[in-house]
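So the protein lines, in turn, are chains A and B. Residue numbers for the first sequence follow the working numbering, so the first one is 1 and each next one is one higher. Residue numbers for the second sequence follow the working numbering, so the first one is 11 and each next one is one higher. Every residue, glycine too, gets a C-beta built ideally from N, C-alpha and C. Input: a single structure, listed below in structure tokens.
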Amino acid sequence: GPAASSHDEL
Amino acid sequence: MNIFRFAGDMTHLCSIIVLLLKIQATKSCAGLSLRTQELYAIVFVSRYLDLFFTFISMYNVIMKLIFISSSFCIIWYMRCHRIVAQTYDREQDTFRVAFLVVPCFMLSLMINHEFSFTEVLWTFSIYLEAVAILPQLVLLQRTFNIDTLTSNYIFLLGAYRALYMLNWIYRYFTERDYSQWIVWTSGTLQTATYCDFFYYYILSWRKNERLSLPS
């Protein structure tokens, strides 16, 4: 999914 | 970015800065587990390796660099600083970190979103962060020493956990396709291990309070 590849949290 | 996430990042950052300032001011790291601090450094390095591969925002880049450098700064104080290093409870801080690092790495090889170098390392960092406080918990149970671990640090670390959970709940309800099971599961476990730590911290605090009471 899109959330998996883009880790925008720290 | 929502307010919970931002406040969570800020309290996380503050917890590290407060710890660093406290070490600097008191020239002591008594009661602090070097192994936990080293695990945090491993967590930050393996998670933020994506600095080289993906750009999310300037905010993310700066925060990542601050997290990495401040964690190494704490380690430098505990290991190398002429005065601070002498206050480190070397004999008591004996938790075998391999018991945490190896299983977390194995798990990240098995359960991940995608079997790639950065993705596995990212997953590893998430698992490791969940248990990284355990050496600190063991040291606290052994020594009841809360010298450097001020209540500010403990409070900020707890607030960071709570705010990040609120952030996930908020994002789940406001964003489409936002779901991250790995982060949620290990984040919940992390908060649980933290609560355990918090419980022993209060216990030690009360014990110290009793010891310092005038007779």
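Counting along the chain, B/Gly18 sits inside the alpha helix (DSSP H) bounded by residues 13 to 36. Between B/Tyr204 and B/Arg152, the gap from beta carbon to beta carbon reaches 8 Å or more. The continuous alpha helix (DSSP H) containing B/Ile164 extends over residues 161 to 184.
Residue contact with chain A for B/Met120: absent (no Cβ-Cβ distance below 8 Å to any residue of chain A). Only residues of its own chain outside the window of five on either side were considered, and among them Ile136, Tyr137, Glu139, Ala140 have a CB closer than 8 Å to the CB of B/Ser196, listed in chain order.
Taking CB atoms only, B/Asn70 has a neighbour in chain A less than 8 Å away. For B/Ile156 against B/Gly41, the beta-carbon gap comes to about 6 Å, under 8 Å, which counts as contact.
By the Cβ rule, the region 99 to 110 of chain B does not count as touching the region 16 to 33 of chain B, because fewer than three pairs are nearer than 8 Å.
If the five residues before and after B/Leu173 are omitted, its C-beta is found closer than 8 Å to the C-beta atoms of Phe14, Arg15, Ala17, Gly18, Thr21, all from its own chain and listed in chain order.
Counting of Cβ neighbours within 10 angstroms places B/Trp86 among the exposed residues, the total staying below 16. Under the 8 Å Cβ criterion, the region 143 to 152 of chain B counts as touching the region 36 to 54 of chain B, having at least three qualifying pairs. One thing to note: B/Leu167 has its Cβ within 8 Å of the Cβ of B/Ser25. Chain-ordered, the chain A residues with CB closer than 7 Å to the CB of B/Asp19 read Leu10. When DSSP states are grouped into helix, strand and coil, B/Gly41 belongs to the coil group. A distance below 6 Å between beta-carbons, with the five flanking residues on each side excluded, links B/Trp132 to the following residues of its chain, in chain order: Arg57.
For B/Ser79, the enclosing alpha helix (DSSP H) starts and ends at 68 to 90. Under the DSSP assignment, B/Ser214 falls in the alpha helix (DSSP H) whose first and last residues are 191 to 221.
Annotated as proximal: B/Trp178 and B/Trp194, with beta-carbon spacing under 8 Å. Using a Cβ distance threshold of 8 Å, B/Tyr50 and B/Ala142 count as a contacting pair. By the rule that beta-carbons nearer than 8 Å mark a contact, B/Lys32 does not touch chain A.
A straight-line Cα-Cα distance of about 15 Å links B/Phe207 and B/Lys217.
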